[in-house]
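Protein sequences, first through last, are from chains A and B.
Going by full-length UniProt numbering, the first sequence opens with residue 1, and the numbers climb by one from there.
Going by full-length UniProt numbering, the second sequence opens with residue 1, and the numbers climb by one from there.
Built from N, CA and C at the ideal position, the CB exists for glycine as well.
Predicted model, so just to flag it, every value in this text is computed and none were measured.
So the structure is just underneath, and the comments pick up after that.
2 protein chains.
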Amino acid sequence: MRNIKLVIEYDGTNFVGWQIQPNGRSVQGEIKKAIKEITGEDVNLIGASRTDAGVHARSQVANFKTNSKIPTENLKKALNSILPDDITIISAEDVPQSFHSRYSALEKTYKYFITTKKVAIGRNYIWFVKYKIDFEKLQECAKLIPGKHDFEVFAKKGSNVKNFVCDVKEARWEREDDKIIFKITADRFLYGMVRGLVGAMIDVARGRIEIETFKKMLFEKFNQIKIMHAPGCGLFLEEVKYATSTQKELSSTPQNVIDP
Amino acid sequence: MRNIKLVIEYDGTNFVGWQIQPNGRSVQGEIKKAIKEITGEDVNLIGASRTDAGVHARSQVANFKTNSKIPTENLKKALNSILPDDITIISAEDVPQSFHSRYSALEKTYKYFITTKKVAIGRNYIWFVKYKIDFEKLQECAKLIPGKHDFEVFAKKGSNVKNFVCDVKEARWEREDDKIIFKITADRFLYGMVRGLVGAMIDVARGRIEIETFKKMLFEKFNQIKIMHAPGCGLFLEEVKYATSTQKELSSTPQNVIDP
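This is how it looks when you write it as structure tokens:
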């Protein structure tokens, strides 16, 4: 039995998300179907992140076990030749049996793209915020985020996670012309968490809520204000990091995490 | 009677092109419809370039005459509020009666985007070329283009233009990671001309035709080889230049040109 790791780029616009669902196209579903067409096997395809409807990925990671003897380079080419245009396999490689795309992940990085000027070109990859934004306030908010916090307030309901503590390594805003970009790296993310954080910070930056309120959400789980969740189209899964082979054995402790 | 100039951004993916056609959504059709909804008038909306199906514009220019008294800033806002998401009005301004978005144009700039690595994100804005490309050859070709040439060989059939001579001010290729970008500025363009030039240059760069053949096409109208037209998705109308008000009176000589 081989264990194959895929790195995948996708445009989430026309998907219900990563995960197979009763109705609608899912990224997982399309790739599973393509693997079946090539290997004849109905594999268990595990994704590092269960990205939501409309959310994009520059490097989603997934793995599956197979008895197929097809070399990984040929497998990659075969998959790309039959997959729809909105999914591209960037790489395929044989990895140790212990590798699990979700449980072995050490950290993940997401970026959220905002434009303050309405755009037609690329509108499926960015959130148009029509409010006047105080960029300094965004930065003040972001500075509070790194560290271990309980992020339940920012998450969406509907996952069966019990532990809401995430360890955020980095959180910062950058500005490029009319674009504002939020970058966040953490060991794990809760369902809807990045979109909740972005929505709340925009609420602060447009003057709808006080930065003190945001602080209370973050440090005291204050939940008396309804959080705005930024739309999926602006969110990109940028990177999933694993221990390199020179590092100690890959972690294999299930973390039971659902992603943004 | 006022003369109003619009600068327009659009994503050409879901349009049959700029111009109104019997079947399918056109950019001109959508904007005319929106103007009618706001002013009640059935205006003659003239575009600087008749961009083709799938072709995008960062700054298309159009103008129309109206009796409406709506200030331009309000007109812009009203148009943006009812136009579909793939069209954005960047600006609206009152211009002299003599201004004609097509005839008054001094020069236009197009860019063509190519990727040598298949992409899912942004695939509607770039042409994926799977051949091995010799970038030096692309540059050698581009160096031959500036100046006055008869470009009929590179154009698509089907326009009623009689004069095929265009004066190219600039033509060059640039490279950014896996992206290759062609930039061309000329006083006028023929129907399908940029896509024909790009297709022919890619044919040279992948070794399908000799650079000598490309030269003969350009200087002697050699037409014994079928030209490949690069797809519309990679093409962007970047800029239309007009004489500034400090310059001499705007040209008003019709040039009878159909665009790429």
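Here residue 8(A) is buried, its C-beta having at least 16 other C-beta atoms within 10 Å.
The beta-carbon separation of residue 101(A) and residue 62(A), rounded to 5 Å, stays under the 8 Å limit for a contact. About 5 Å separates the Cβ atoms of residue 241(B) and residue 107(B), confirming a contact at the 8 Å cut-off. In this structure, DSSP gives residue 80(A) a helical state, which the three-state scheme calls helix.
Using beta-carbon distances, residue 74(A) does not count as an interface residue toward chain B, since no partner is under 8 Å.
Less than 8 Å divides the Cβ of residue 89(A) from the Cβ of residue 79(A). Close partners of residue 25(B) in chain A (Cβ separation under 9 Å) are lacking, with about 13 Å as the shortest Cβ gap. Comparing C-alpha distances from residue 199(A) to each of 31(A), 238(A), 226(A) shows the shortest one belongs to 226(A). In this chain, the alpha helix (DSSP H) harbouring residue 28(A) covers 27 to 39.
Contact with chain B is absent for residue 155(A), since none of that chain's Cβ atoms lies less than 8 Å from the residue's Cβ. Of the candidates 230(A), 159(A), 176(A), 59(A), the residue whose Cα lies closest to the Cα of residue 120(B) is 59(A). Those residues of the segment 108 to 123 of chain A placed with their C-beta closer than 9 Å to a C-beta in chain B are 117, 118, 119, 120, 121, 122, 123, ordered along the chain. With respect to residue 6(B), residue 105(B) sits apart: the two C-beta atoms are not nearer than 8 Å. With a cutoff of 8 Å on beta-carbon distance, residue 166(B) and residue 197(B) are scored as not near each other. Under the 8 Å Cβ criterion, the segment 156 to 163 of chain A does not count as touching the segment 175 to 185 of chain A, having fewer than three qualifying pairs. Close partners of residue 177(B) in chain A (Cβ separation under 8 Å) are lacking, with about 13 Å as the shortest Cβ gap. Legend: CB atoms of the UniProt domain "Pseudouridine synthase I TruA alpha/beta" (8 to 104) of chain A lying less than 8 Å from CB atoms of chain B belong to residues 9, 10, 11, 56, 58, 80, 85, 86, 87, 88. Around the Cβ of residue 52(B), a 10 Å sphere holds 16 or more other Cβ atoms; the residue is buried. Residue 125(A) reaches chain B at 121, 122, counting residues in chain order whose Cβ is nearer than 8 Å.
Only residues of its own chain outside the window of five on either side were considered, and among them 52, 53, 54, 55 have a CB closer than 6 Å to the CB of residue 232(B), listed in chain order. Contact between the segment 139 to 159 of chain B and the segment 207 to 224 of chain B is present: three or more C-beta pairs spanning the two stretches fall below 8 Å. Residue 11(B) counts as buried, since no fewer than 16 other beta carbons sit within 10 angstroms of its beta carbon. The alpha helix (DSSP H) runs lying completely inside the segment 121 to 200 of chain B and spanning 4 residues or more are 135 to 144, given in chain order. Distance from the Cα of residue 236(A) is smallest, within the candidate group 109(A), 68(A), 40(A), 82(A), for 109(A). Here residue 42(A) is actually not in contact with residue 116(A); their C-beta atoms are around 47 Å apart, not less than 8 Å. A straight-line Cα-Cα distance of about 10 Å links residue 83(B) and residue 32(B). The beta carbon of residue 35(B) lies closer than 6 Å to those of 43 in the same chain, with the five residues before and after it left out.
A distance below 6 Å between beta-carbons, with the five flanking residues on each side excluded, links residue 171(B) to the following residues of its chain, in chain order: 142, 145, 146, 184. Contact between residue 234(A) and residue 126(A) holds, with the beta-carbon distance rounding to 5 Å and staying under 8 Å. For residue 111(A), the enclosing beta strand (DSSP E) begins and ends at 105 to 115. In the DSSP assignment, residue 65(A) is bridged to 3(A). Here DSSP, grouped into helix, strand and coil, assigns residue 204(A) to helix. For the pair residue 218(B) and residue 4(B), the Cα-to-Cα distance works out to about 38 Å. Nearest C-alpha to residue 65(B) among 39(B), 77(B), 19(B), 50(B): 39(B).
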